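Report on the structure given below.
Residue numbers (this note's numbering): 6 to 545.
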């Protein structure tokens, strides 16, 4: 009769299953994975006075990859959120310094945005632990005795829930910092538009993409991966996303703090647009008259106060640009139909040669294109074929962009990589890659070149203006075509052609919206104007 096989004792730790148990120097029993066997207890060896021979020990060294994880110094929970807000606040501070130093905005912008930031943080007050009673720094640090391969599925699901929890709770991100900067300029009544911020972001001038690189390495290493992702925002394909984010931020401040945002400085913004599009000054006066006639308010409107078919007009800059387009179409139509003003002082006393306007703007865009740098989207899509076909200067621009956005010369001071810190610094100094003075000269010369091109275009467009024949009211028994006669309304983009397409595209770019949304907004303004005219006729 065979004896039953004796089953080996397994590790009591859940999910381990190791059957190799060894006695440690402290008297406790451990499995091969390092789990302490609490049910066995301590074993006290008899002191015989002999030298105890211990087994071979192996010490695992931290690799470079493990040193970057910063397991023993990373934060979690409220401490992680608090540390993330400090990193984001540093990014916001650098954005403001660029706006003040480079764009020459008032220094009051910093204090104003600081107050807005303090109000924004009040929504997170319940999630951030400012006192040590709730969670000490030692408790918030991440310690783990398990290797990377022993991460359980429950821990992965817990991380996923934590990541969703961060998004649902509305932790601020880099785009929110941009929105606060715009709100600050709006409160200061500065003629800065959403399209300006979008252009600065796309050109890489204003800190947005790869903002995490501007945070010191020691601060970044303490952040969990979910928060590090928030410091590296995804590219914005259109400025419409920025419009939406600003609108949501303004609505949040109004709902939470009762803060009413003032309208945009539409007089200065209107002057900028008329000048940049090289339109006659009559468009400026006609736009103001239309806005006064229709009693338009160029301020942010909440979705609840906006009609469903007028959601595109809730953004003030899109709203204003739609009025500019209507005024331009009234005074200077795109067709060749003759229309006669009633007097020489009418705003429609002059006619604009649209073919010359299109040629001048096309040439202006070609002249400005070589002096500009690669945008973030163009650089990210730069392929091997583009690199092979690119000229030397274009390739240098891409390498400069790669150096400032992708490459890193940060030297780690801790872990295995910290032992070679001095060597890495010396290696970086031996092979400098930056081009001294090139980036500074380019940024300083970009704005004057743009202003000179706009001034030249204005002069050339003004030279094409011709006076129209004046026919006073009652002087001719025949029907006379006046301003607004045979006015054409466009419902879709497909109906645009020739100068109309070029004008709508240019207007949409300055308003920071898509051409489809601009066509819809212009049609809504035209409908309001038609309704107002019908009421006047009935009342008369």
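Glycine residues also receive a C-beta, built at the ideal position from the N, C-alpha and C atoms.
Keep in mind it's a predicted model, so treat the numbers as computed, not measured.
Inset, instruction - Kindly provide the ranges of any alpha helix (DSSP H) runs that are 4 or more residues long and lie completely inside the stretch 165–227, ordered along the chain. - result: 179–192, 199–207 and 222–225
Legend entry - residue 549 and residue 126 closer than 8 Å at C-beta: Lying outside 6 to 545, the shown extent of the chain, residue 549 is not represented and no answer is given.
Legend entry - Local conformation of residue 237 per DSSP, three classes: In the three-state DSSP reduction, residue 237 falls in the coil class, being neither helix nor strand.
Inset, instruction - Name the residue from 456, 386 and 401 whose alpha carbon lies nearest to the alpha carbon of residue 242. - result: 386
Legend entry - Beta-carbon proximity of residue 255 to residue 92, cut-off 8 Å: No, they are not a contact pair.
Legend entry - Extent of the continuous alpha helix (DSSP H) to which residue 92 belongs: 83–106
Legend entry - Same chain, Cβ closer than 6 Å to residue 216, five either side skipped, listed in chain order: 96, 179 and 236
Inset, instruction - From the DSSP output, read off the bridge partner residues of residue 41. - result: 35
Inset, instruction - Tell me whether the beta-carbon of residue 357 lies closer than 8 Å to the beta-carbon of residue 470. - result: yes
Inset, instruction - Tell me residue 355's beta-bridge partners as DSSP assigns them. - result: 472
Inset, instruction - Rounded to whole angstroms, what's the CA-CA distance from residue 311 to residue 319? Just pull it up for me. - result: 7 Å
Inset, instruction - Compute the minimum distance between the beta carbon of residue 257 and the heavy atoms of the ligand COA, and state whether it is under 7 Å. - result: Looking for the ligand COA in the displayed structure turns up nothing, as the structure carries no ligands at all.
Inset, instruction - With DSSP as the reference, label residue 538 as helix, strand or coil. - result: helix
Inset, instruction - Taking 8 Å as the threshold, find out whether the stretch 462–478 comes into contact with the stretch 350–366 through three or more Cβ pairs. - result: Verdict: yes, contact present.
Inset, instruction - Count the other CB atoms, across all protein chains shown, that sit within 10 Å of the CB of residue 198; report buried if there are 16 or more and exposed otherwise. - result: By the neighbour-count criterion, in which a residue is buried when 16 or more other Cβ atoms sit within 10 angstroms of its Cβ, residue 198 is buried.
Inset, instruction - Please work out which residues of its chain come closer than 8 Å, Cβ to Cβ, to residue 305, disregarding the five sequence neighbours upstream and downstream, and give them in chain order. - result: In chain order, 251, 252, 255, 256, 266, 319, 320 and 321 place their CB closer than 8 Å to the CB of residue 305, counting only its own chain and leaving out the 5 sequence neighbours on each side.
Legend entry - Test item: CB-CB of residue 213 and residue 334 under 8 Å: no
Legend entry - Whole-angstrom C-beta distance between residue 523 and residue 288, which should lie under 8 Å: Wrong, their Cβ atoms sit about 16 Å apart, outside the cutoff.
Inset, instruction - State buried or exposed for residue 541, treating a residue as buried only when at least 16 other CB atoms are found within 10 Å of its CB. - result: exposed
Inset, instruction - Use the C-beta contact count for residue 397: other C-beta atoms within 10 angstroms, 16 or more gives buried, fewer gives exposed. - result: exposed
Legend entry - Residue span of the alpha helix (DSSP H) that contains residue 117, given as start and end: That run of the alpha helix (DSSP H) goes 113–127.
Legend entry - residue 287: first and last residue of the uninterrupted alpha helix (DSSP H) it sits in: It spans 286–298 - the alpha helix (DSSP H) in which residue 287 sits, taken as one unbroken run.
Legend entry - CA nearest to the CA of residue 532, picked from 544, 90 and 299: 299
Inset, instruction - Starting from the C-beta of residue 186, find all residues in its chain whose C-beta is less than 7 Å away, skip the five residues before and the five after it, and write them out in chain order. - result: 100, 101, 104 and 118
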